[in-house]
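Notes follow the structure.
There are 2 protein chains.
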Amino acid sequence: MAHHKDQRFIIGVDLGGTNIVVGAMPEDGSTRYALRSQPTMAELGAEAVVARIVQMVQDVMTVTMAETGAKREAFVGVGVGAPGPIDRENGVVTIAPNLGWKDFPLRDRIAAGVGLPTTLDNDANCATLGEAWIGAGRGGRAVVGMTIGTGIGGGLVVDGHIWHGASDVAGEIGHTTIDMHGRRCKCGNYGCLEAYASGTNIAERARERLATDGESALRRMVGGKLEQITAQTVYEAARAGDEIALDVVKETAAFLGAGIANLLNTFNPDVVVIAGGVTQAGDALFEPLRAEARRRAFKPAFDACRIVPGELGGAAGVVGAVATFAQQHLAKA
Amino acid sequence: MAHHKDQRFIIGVDLGGTNIVVGAMPEDGSTRYALRSQPTMAELGAEAVVARIVQMVQDVMTVTMAETGAKREAFVGVGVGAPGPIDRENGVVTIAPNLGWKDFPLRDRIAAGVGLPTTLDNDANCATLGEAWIGAGRGGRAVVGMTIGTGIGGGLVVDGHIWHGASDVAGEIGHTTIDMHGRRCKCGNYGCLEAYASGTNIAERARERLATDGESALRRMVGGKLEQITAQTVYEAARAGDEIALDVVKETAAFLGAGIANLLNTFNPDVVVIAGGVTQAGDALFEPLRAEARRRAFKPAFDACRIVPGELGGAAGVVGAVATFAQQHLAKA
Numbered sequence: 063m064a065h066h067k068d069q070r071f072i073i074g075v076d077l078g079g080t081n082i083v084v085g086a087m088p089e090d091g092s093t094r095y096a097l098r099s100q101p102t103m104a105e106l107g108a109e110a111v112v113a114r115i116v117q118m119v120q121d122v123m124t125v126t127m128a129e130t131g132a133k134r135e136a137f138v139g140v141g142v143g144a145p146g147p148i149d150r151e152n153g154v155v156t157i158a159p160n161l162g163w164k165d166f167p168l169r170d171r172i173a174a175g176v177g178l179p180t181t182l183d184n185d186a187n188c189a190t191l192g193e194a195w196i197g198a199g200r201g202g203r204a205v206v207g208m209t210i211g212t213g214i215g216g217g218l219v220v221d222g223h224i225w226h227g228a229s230d231v232a233g234e235i236g237h238t239t240i241d242m243h244g245r246r247c248k249c250g251n252y253g254c255l256e257a258y259a260s261g262t263n264i265a266e267r268a269r270e271r272l273a274t275d276g277e278s279a280l281r282r283m284v285g286g287k288l289e290q291i292t293a294q295t296v297y298e299a300a301r302a303g304d305e306i307a308l309d310v311v312k313e314t315a316a317f318l319g320a321g322i323a324n325l326l327n328t329f330n331p332d333v334v335v336i337a338g339g340v341t342q343a344g345d346a347l348f349e350p351l352r353a354e355a356r357r358r359a360f361k362p363a364f365d366a367c368r369i370v371p372g373e374l375g376g377a378a379g380v381v382g383a384v385a386t387f388a389q390q391h392l393a394k395a
Numbered sequence: 063m064a065h066h067k068d069q070r071f072i073i074g075v076d077l078g079g080t081n082i083v084v085g086a087m088p089e090d091g092s093t094r095y096a097l098r099s100q101p102t103m104a105e106l107g108a109e110a111v112v113a114r115i116v117q118m119v120q121d122v123m124t125v126t127m128a129e130t131g132a133k134r135e136a137f138v139g140v141g142v143g144a145p146g147p148i149d150r151e152n153g154v155v156t157i158a159p160n161l162g163w164k165d166f167p168l169r170d171r172i173a174a175g176v177g178l179p180t181t182l183d184n185d186a187n188c189a190t191l192g193e194a195w196i197g198a199g200r201g202g203r204a205v206v207g208m209t210i211g212t213g214i215g216g217g218l219v220v221d222g223h224i225w226h227g228a229s230d231v232a233g234e235i236g237h238t239t240i241d242m243h244g245r246r247c248k249c250g251n252y253g254c255l256e257a258y259a260s261g262t263n264i265a266e267r268a269r270e271r272l273a274t275d276g277e278s279a280l281r282r283m284v285g286g287k288l289e290q291i292t293a294q295t296v297y298e299a300a301r302a303g304d305e306i307a308l309d310v311v312k313e314t315a316a317f318l319g320a321g322i323a324n325l326l327n328t329f330n331p332d333v334v335v336i337a338g339g340v341t342q343a344g345d346a347l348f349e350p351l352r353a354e355a356r357r358r359a360f361k362p363a364f365d366a367c368r369i370v371p372g373e374l375g376g377a378a379g380v381v382g383a384v385a386t387f388a389q390q391h392l393a394k395a
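Next comes the structure, spelled out in structure tokens:
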């Protein structure tokens with residue numbers, strides 16, 4: 063697609079514990095270019111991760127220039143989303159257990175490597191902003207985003223901007239208590255939503271069920287090696303109609319519905335966007351989830367809110383990272 | 063206190079299930095005049111309540127004029143806070159179980175009776191805005207308010223304005239789930255914060271404890287008639303050092319701490335203001351409450367937030383109702 067001569071481009075980087083995703087977009091969000099994904103390989107150390115990100119950004123710029131005819135000067139900056147908590151002002155990843163990082167100055171290391179202004183925000187915030195900007199949350203004034211992966215990330219977007227709160231912690235929906243005497247969570251707390259409905263816990267609950275229950279496709283899918291069951295195994299078995307897998311998805315939906323109802327009654331959003339592997343279960347997830355939220359939330363709060371799957375898939379974080387850069391650096395995004 | 067010649071005054075009305083409180087303030091919030099409280103007597107019907115409110119507003123204006131030398135023309139309007147949910151746009155109290163009202167056009171009935179422009183908002187929203195404006199939440203950018211009475215009301219204030227959400231339900235903190243398999247709540251849900259920490263439930267838990275436990279000042283305070291124990295009885299016994307009462311307050315603090323931690327991790331406020339009878343317990347409430355919130359919330363979220371008792375007492379709702387009117391009708395409040 064040919065680009066407008068004065069169009070400016072921004073590169074978005076979504077750094078996760080498993081993969082790094084990079085892509086480029088014009089500032090108006092109209093198109094996505096050259097989306098690339100590579101394994102993070104955090105075990106090689108932070109400098110190796112930075113080098114890989116810088117190389118990917120260069121590649122994405124080269125490919126985008128070839129595809130659009132844009133010059134290098136058209137690229138105005140890099141937006142980065144990284145696992146939180148982060149210190150936005152200083153561009154530092156405060157703690158990232160999945161990367162093994164503590165107080166790492168990611169923003170400035172990337173800016174130095176690429177030679178462009180760079181911004182840093184939390185990855186789940188970026189994914190929510192991406193969906194709110196051009197995805198499933200389009201048109202919403204108050205958008206809640208949740209990404210269910212190894213953990214549960216979340217974000218709040220108000221009037222098109224990430225709500226960061228007083229100390230950049232806002233949106234940590236995975237770490238809200240739904241059962242105060244419940245399961246221990248990795249965060250040290252008891253009864254967090256994440257301890258029930260994350261991918262890790264979905265697999266764990268499936269294994270717990272199989273320890274007592276009998277027949278299931280799940281058992282066959284891992285050749286009887288229950289420890290090999292992952293959340294993905296459960297989603298696939300559910301799609302194939304396996305009853306135990308469907309039950310685990312239904313339980314997951316109830317947990318998520320309770321967590322979402324808490325947000326409906328406090329934040330009263332117009333859209334809740336749910337992303338991540340579990341959405342592969344489709345209606346098997348969304349129908350009981352909406353039913354649980356309806357049961358628990360006030361009627362006007364439930365009625366005012368769409369609860370929908372994300373539309374941007376693995377690109378949401380990149381899109382949102384582009385938007386955060388645009389909002390911070392460009393006159394009018 | 064003499065008033066500035068051009069100073070404009072606003073009357074605030076706080077309508078509760080038990081009492082009506084009315085007062086007047088200049089638009090800059092500098093002083094409060096002629097605060098009056100009368101029983102609501104909802105059993106006499108909505109029209110009788112409106113007539114009493116109109117009479118109280120007239121009295122407050124008369125007294126304020128006498129105290130300040132202001133003329134009747136200096137009074138520009140009436141702000142009203144009423145039990146929610148309400149329809150703000152149409153000025154209608156949608157459902158108020160404590161008043162026995164359904165779809166009552168309170169705003170227009172008061173406006174007609176007083177002859178001044180009138181605004182309507184939820185009472186707990188008003189109380190939070192009052193504390194954020196000139197009370198314990200002063201200076202906070204994101205303020206959460208909770209009022210613990212018969213039920214638990216709540217509100218969110220962002221940058222000095224009530225956050226209403228998509229359908230005027232925002233801030234219903236009392237109806238967030240802290241134990242999804244827990245106590246049934248009056249709202250029909252299970253495990254709501256209100257079902258554990260409201261005044262009603264505080265009295266109920268004290269009675270439950272006394273059914274099995276032995277000696278307590280509580281038993282003597284009601285002459286052995288346990289059904290006469292109210293939340294107030296518990297607060298008084300706690301202040302007198304009664305162990306069972308102190309235990310009930312401590313449990314209450316843990317429930318409130320869990321509910322507040324959910325808000326710290328999602329909304330990440332700089333201030334949480336807690337009001338209502340239970341704050342009479344002082345440190346016996348706030349110390350375990352803060353400890354529970356610290357245990358459950360992310361450190362930067364807890365560290366960024368003051369959790370404090372309200373400063374305005376029974377006037378918070380009136381002050382906030384004045385502020386909502388000022389924000390909606392005056393050029394610059």
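Taken in sequence, the protein lines are chains S and L.
Start counting the first sequence at 63; every next residue gets the next number (the working numbering).
Start counting the second sequence at 63; every next residue gets the next number (the working numbering).
Glycine included, C-beta positions come from ideal geometry on N, C-alpha and C.
Please confirm if residue 203 of chain S has its CB atom under 9 Å from at least one CB of chain L.
Along the first sequence, read from residue 1 onward, the residue named residue 203 of chain S stands at position 141. Taking Cβ atoms only, chain L reaches closer than 9 Å to residue 203 of chain S, which makes this a yes.
For residue 255 of chain L, the nearest candidate out of L:360, L:314, L:74 (CA to CA):
Residue mapping note: residue 255 of chain L aligns to position 193 of the second sequence, counting from 1. The residue among L:360, L:314, L:74 with its C-alpha nearest the C-alpha of residue 255 of chain L is L:314.
Report yes if the C-beta distance between residue 284 of chain L and residue 290 of chain L is below 9 Å; otherwise report no.
Reading the second sequence from its first residue, position 222 is the one you call residue 284 of chain L. Reading the second sequence from its first residue, position 228 is the one you call residue 290 of chain L. Yes. Within cutoff.
Show which residues of chain L have a CB atom less than 8 Å away from the CB atom of residue 147 of chain S.
Within the first sequence, the letter at position 85 stands for residue 147 of chain S. Within 8 Å Cβ-Cβ: 360, 362.
Counting only beta-carbon separations shorter than 9 Å, does residue 367 of chain L have a partner in chain S?
Working through the second sequence from its first residue, we reach residue 367 of chain L at position 305. True, the Cβ-Cβ gap to chain S drops below 9 Å.
Kindly give me the distance between the Cβ atoms of residue 122 of chain S and residue 73 of chain S, rounded to whole angstroms, as I take these residues to be in contact under 8 Å.
Residue 122 of chain S sits at position 60 when you count from the first residue of the first sequence. Residue 73 of chain S sits at position 11 when you count from the first residue of the first sequence. With a Cβ gap of about 6 Å, residue 122 of chain S and residue 73 of chain S count as contacting.
Beta-bridge partners of residue 34 of chain S, as assigned by DSSP
The question about residue 34 of chain S has no answer, for chain S in this structure spans 63 to 395.
Report the rounded CA-to-CA distance for residue 276 of chain S versus residue 268 of chain S, giving the unit in angstroms.
As a working mapping, residue 276 of chain S is identified with position 214 in the first sequence. As a working mapping, residue 268 of chain S is identified with position 206 in the first sequence. Spanning the two alpha carbons is a distance of roughly 12 Å.
Along the segment 236-257 of chain L, what residues have a CB closer than 9 Å to any CB found in chain S?
236, 237, 238, 239, 240, 241, 242, 243, 244, 249, 250, 251, 252, 253, 254
Does any C-beta atom of chain S lie closer than 9 Å to the C-beta of residue 328 of chain L?
Working through the second sequence from its first residue, we reach residue 328 of chain L at position 266. Judged by the 9 Å Cβ criterion, residue 328 of chain L is in contact with chain S.
Ignoring anything shorter than 4 residues or poking outside the segment 297-334 of chain L, list the alpha helix (DSSP H) runs there in chain order.
305-328
Assign residue 144 of chain S to buried or exposed, taking buried as 16 or more other Cβ atoms, counted over all protein chains shown, within 10 Å of its Cβ.
The residue given as residue 144 of chain S occupies position 82 in the first sequence. Buried.
In chain order, what residues of the same chain lie with their CB nearer than 8 Å to the CB of residue 375 of chain S, ignoring the 5 residues before and after it?
Here residue 375 of chain S corresponds to residue number 313 of the first sequence, with the count starting at 1. Closer than 8 Å at Cβ, skipping near neighbours: 337.
Tell me the DSSP secondary structure of residue 117 of chain L in three-state form.
Counted from its first residue, the second sequence places residue 117 of chain L at position 55. Note: residue 117 of chain L maps to helix in three-state DSSP.
What are the start and end residues of the beta strand (DSSP E) that includes residue 95 of chain L?
The sequence position of residue 95 of chain L within the second sequence is 33, counting from 1. Its beta strand (DSSP E) spans residues 95-101.
Span of the alpha helix (DSSP H) around residue 172 of chain L
For the purposes of this step, residue 172 of chain L is taken as the residue at position 110 of the second sequence. Residues 168-176.
Could you spell out the range, first to last residue, of the alpha helix (DSSP H) harbouring residue 137 of chain L?
Your numbering for residue 137 of chain L matches position 75 in the second sequence. Per DSSP, residue 137 of chain L belongs to no alpha helix (DSSP H); it is in the beta strand (DSSP E), 137-144.
Whose C-beta lies closer than 6 Å to the C-beta of residue 373 of chain L among residues of the same chain, with five residues either side of it excluded?
Residue numbering aside, residue 373 of chain L sits at position 311 when the second sequence is read from its first letter. Answer for residue 373 of chain L: 197, 198, listed in chain order.
Measure the alpha-carbon distance for residue 159 of chain S versus residue 328 of chain L and round it to whole angstroms.
Stepping through the first sequence from its first residue, residue 159 of chain S is reached at position 97. Stepping through the second sequence from its first residue, residue 328 of chain L is reached at position 266. The straight-line gap from Cα to Cα measures roughly 20 Å.
Leaving aside the five residues before and after residue 259 of chain L along the sequence, list all residues of the same chain whose C-beta is less than 6 Å from its C-beta, in chain order.
For the purposes of this step, residue 259 of chain L is taken as residue 197 along the second sequence, with counting starting at 1. Contacts found: 314, 317, 318.
What does the alpha-carbon distance come out to for the pair residue 96 of chain L and residue 262 of chain L?
Within the second sequence, residue 96 of chain L is the residue found at index 34, counting from 1. Within the second sequence, residue 262 of chain L is the residue found at index 200, counting from 1. Distance between the alpha carbons of residue 96 of chain L and residue 262 of chain L: 31 Å.
Identify whether residue 288 of chain S lies in helix, strand or coil by the three-state DSSP scheme.
Taking the first sequence and counting its residues from 1, the one referred to as residue 288 of chain S is at position 226. Residue 288 of chain S falls in the helix class under three-state DSSP.
Leaving out five residues on either side along the sequence, give the residues of the same chain with a beta carbon under 8 Å from the beta carbon of residue 166 of chain S.
One-based indexing of the first sequence puts residue 166 of chain S at position 104. Taken in chain order, the residues that qualify are 108, 154, 155, 158.
Own chain partners of residue 181 of chain S with C-beta closer than 6 Å, once the 5 adjacent residues on each side are dropped:
Residue numbering aside, residue 181 of chain S sits at position 119 when the first sequence is read from its first letter. 141, 386, 387, 390, listed in sequence order.
Nearest to residue 380 of chain S (by Cα), restricted to the options S:106, S:119, S:164, S:104
As a first step, residue 380 of chain S is located in the first sequence; it is residue number 318 there, counting from the start. Selection S:106, S:119, S:164, S:104 evaluated against residue 380 of chain S yields S:119 as nearest (Cα-Cα).
Expressed to the nearest angstrom, what Euclidean distance is found between the alpha-carbon atoms of residue 335 of chain S and residue 365 of chain L?
On the first sequence, position 273 is the one that residue 335 of chain S refers to. On the second sequence, position 303 is the one that residue 365 of chain L refers to. C-alpha separation (whole angstroms): 29 Å.
Starting from residue 371 of chain S and walking both ways along the alpha helix (DSSP H), at which residues does that stretch end?
Stepping through the first sequence from its first residue, residue 371 of chain S is reached at position 309. Note, residue 371 of chain S: premise wrong, no alpha helix (DSSP H); beta strand (DSSP E) at 368-371.
Burial state of residue 238 of chain S, where buried means 16 or more other Cβ atoms lie within 10 Å:
Walking along the first sequence from the start, residue 238 of chain S turns up at place 176. Buried, because 16 or more other Cβ atoms sit within 10 Å of the Cβ of residue 238 of chain S.
I'd like to know if residue 234 of chain S contacts chain L, where contact means its C-beta is closer than 9 Å to some C-beta of that chain.
If you number the first sequence from 1, residue 234 of chain S lands on position 172. It does; some Cβ of chain L falls within 9 Å.
If you count every other CB in all the chains shown that lies within 10 Å of the CB of residue 92 of chain L, and 16 or more means buried, which is it?
As a first step, residue 92 of chain L is located in the second sequence; it is residue number 30 there, counting from the start. By the neighbour-count rule (16 or more Cβ atoms within 10 Å), residue 92 of chain L is not buried but exposed.
Under three-state DSSP, which class holds residue 337 of chain S?
For the purposes of this step, residue 337 of chain S is taken as residue 275 along the first sequence, with counting starting at 1. Of the three classes helix, strand and coil, the one that applies to residue 337 of chain S here is strand, per DSSP.
Can a CB atom of chain L be found closer than 9 Å to the CB of residue 226 of chain S?
Walking along the first sequence from the start, residue 226 of chain S turns up at place 164. Output row for residue 226 of chain S: interface = yes.
Taking residue 332 of chain L as the query, report the chain S residues whose CB atoms sit under 9 Å from its CB, ordered along the chain.
As a position in the second sequence, residue 332 of chain L is number 270, starting the count at 1. By Cβ distance, chain S contributes 227, 228, 229.
When we look at the beta-carbon of residue 200 of chain L and count the other beta-carbons within 10 Å, is it buried (16 or more) or exposed?
Your numbering for residue 200 of chain L matches position 138 in the second sequence. It is exposed - the Cβ of residue 200 of chain L has fewer than 16 other Cβ atoms within 10 Å.
Return helix, strand or coil for residue 188 of chain S, following the three-state DSSP convention.
If you number the first sequence from 1, residue 188 of chain S lands on position 126. Here residue 188 of chain S sits in helix by DSSP.
For the segment 306-320 of chain L, which residues have a CB atom closer than 9 Å to at least one CB atom of chain S, in sequence order?
So the list reads 316, 317, 320, given in the order they occur along the chain.
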